[in-house]
Every structure is written in C-alpha cells, then in structure tokens.
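In the working numbering, the protein residues as written are 63 to 293.
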C-alpha cells in the first residue's frame, strides 16, 4: 500500500534506496496490483485531502506545461492542423482537453508509480518516482494525436464551434498546409519520443511543487500557532 503522505509529505531525512530484487517486485505486484487490492490502494490513497491537492496541481502542471511542448511539436514542427484560432488559444484548448481527458490517467499513475519505487511505510524518492511516472504518462499519452484529430482536428464539429466562437485566424488557415500528410504513426512516435523526457521533467517539477506547497503551509500553520500562543 502507498499513502498520499508518503508521496507528497515524506520524512525529511534522506531515504535509503529500497532493498529489493526483481523477483520480490514481481511477487509484490502479483499481490498488490490485482483488481481488488489495487482498488483498495487507490481508495486509501485518495481518502486523504492531500492526495486531491497533489493530483490537481500535478495534472495542471503536466497538462499545461506539457501542452506547450506538444503544441510546438505537432502544430509548429509537424504542421498538423487544428482549429483556425491563434496559437495561444490553440494551446489553451488542447491543454484543457488534456487536463480533463488525462486527469484520470494522472490519478492512476501517481499512486502506482509511488508504489513501484518505494517500500511500505517509507517516503517516495523524487527522482525514481519522476522517471517511472514520466515514462508511464508518456506511454499513456502516446495516442494523443489520434484523440486530437478526432476531437479538434480541423473540420471537426468542435473545431468549427471553437473557430466560430473565437473568430477564425486567417494566418492560421494559410499556414502548415502540409500537416494533413503527416502519418499518424510518425505523430504518435514523436509524441512518445519527445514525451518521455518532457514528462519525466514535469513529473519531477510537479512533485517538487506539491511538496514545497505542503512545507510552506505547515510552516505557516506552525507560525500562526506560535503567534496565537504569544498573544
């Protein structure tokens, strides 16, 4: 089992590397990642309010910061087409769809990645968690170009509604006319290849941000308690 406190508010002492071998990890996975034990782990993890704060902040950072990288890759480098709106609006639209659509994926990856890299009742080490979580998210987001084309590819119902609402950008209409010729296999492959280092970095950043916010909140509460006692 893994708790939100182990992930987002671990002990401040240095954590020793977990002493385990491959056979032990497989045995632990067979025991803990079966449907019922896995469901119990997820329910226990998200029973803590801290887990929801960590999830929302992590998903926000991954979706919107990662959305910048993926927008540059797909819209600028590969020239794939979307709604005829400004680049900033296009990024915001794609990132919001990613935040909503991939939020459940982030909710699964956070406790599972923490479980993989930690021992029971020990804090989660940042770098191994970022590596595992980033790779898992990059693989999960691999089919993103297909979902993008189906939802907001140029000419789809949603893309047309967004274009009507925000006003068509004629410069976007004229640009990247080659985008429809990009094979989806290339688009997905590039998504995964660029996504792995991108999301490893962003998972590390998200975990660091959540832990920093938790530490600052605890310091504030301690200071307020001291001031209250003085008064």
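Yeah, the Cβ is synthetic: ideal placement off N, Cα and C, and Gly gets one too.
None of the values given here were measured: they were computed from a predicted structure.
Of the residues the options, the one placed nearest residue i, counting alpha carbons only
i: residue 247; options: 207, 186, 131; result: 207
i: residue 199; options: 177, 254, 228; result: 254
i: residue 127; options: 211, 192, 161, 278; result: 161
i: residue 203; options: 259, 244, 250; result: 250
i: residue 113; options: 136, 209, 72, 135; result: 72
i: residue 147; options: 134, 226, 260, 118; result: 226
i: residue 205; options: 143, 151, 252, 168; result: 252
i: residue 260; options: 219, 134, 244; result: 134
CB contact flag (residue i, residue j, <8 angstroms)
i: residue 262; j: residue 197; result: yes
i: residue 221; j: residue 164; result: no
i: residue 153; j: residue 123; result: no
i: residue 116; j: residue 170; result: no
i: residue 224; j: residue 145; result: yes
i: residue 182; j: residue 63; result: yes
i: residue 265; j: residue 176; result: no
Residue i to residue j span [Cα, whole Å]
i: residue 53; j: residue 190; result: Residue 53 lies beyond the stretch modelled for the chain, which goes from 63 to 293, so this question has no answer here.
i: residue 105; j: residue 141; result: 42 angstroms
i: residue 239; j: residue 70; result: In this predicted model, residue 239 has a pLDDT of only 46, less than 50, meaning its place in the structure is not dependable; the value taken from the coordinates is given anyway. Residue 239 and residue 70: Cα-Cα distance of roughly 45 angstroms.
i: residue 187; j: residue 93; result: 22 angstroms
i: residue 229; j: residue 96; result: 50 angstroms
i: residue 289; j: residue 275; result: 21 angstroms
i: residue 184; j: residue 67; result: 10 angstroms
i: residue 137; j: residue 291; result: 57 angstroms
i: residue 158; j: residue 210; result: 12 angstroms
i: residue 280; j: residue 132; result: 35 angstroms
i: residue 212; j: residue 285; result: 52 angstroms
i: residue 217; j: residue 109; result: 43 angstroms
i: residue 174; j: residue 101; result: 11 angstroms
i: residue 143; j: residue 107; result: 40 angstroms
i: residue 118; j: residue 98; result: 25 angstroms
i: residue 219; j: residue 151; result: 17 angstroms
i: residue 201; j: residue 166; result: 14 angstroms
i: residue 241; j: residue 139; result: Any reading at residue 241 needs caution, since the residue's pLDDT is 49, under 50, leaving its predicted position unreliable; the model's value is listed next. For residue 241 and residue 139, the distance between alpha carbons rounds to 10 angstroms.
Buried versus exposed, by CB contacts within 10 Å (16 or more), residue i
i: residue 283; result: exposed
i: residue 65; result: buried
i: residue 278; result: exposed
i: residue 155; result: buried
i: residue 272; result: buried
i: residue 121; result: buried
i: residue 268; result: buried
i: residue 214; result: buried
i: residue 287; result: exposed
i: residue 270; result: exposed
i: residue 168; result: buried
i: residue 194; result: buried
- Query: What are the start and end residues of each continuous alpha helix (DSSP H) run of 4 or more residues lying completely inside the stretch 97-151, in chain order?
  - Reply: 97-107, 111-133
query: In chain order, which continuous runs of the alpha helix (DSSP H) of length 4 or greater are located wholly inside the stretch 197-280?
result: 206-214, 219-228, 232-236
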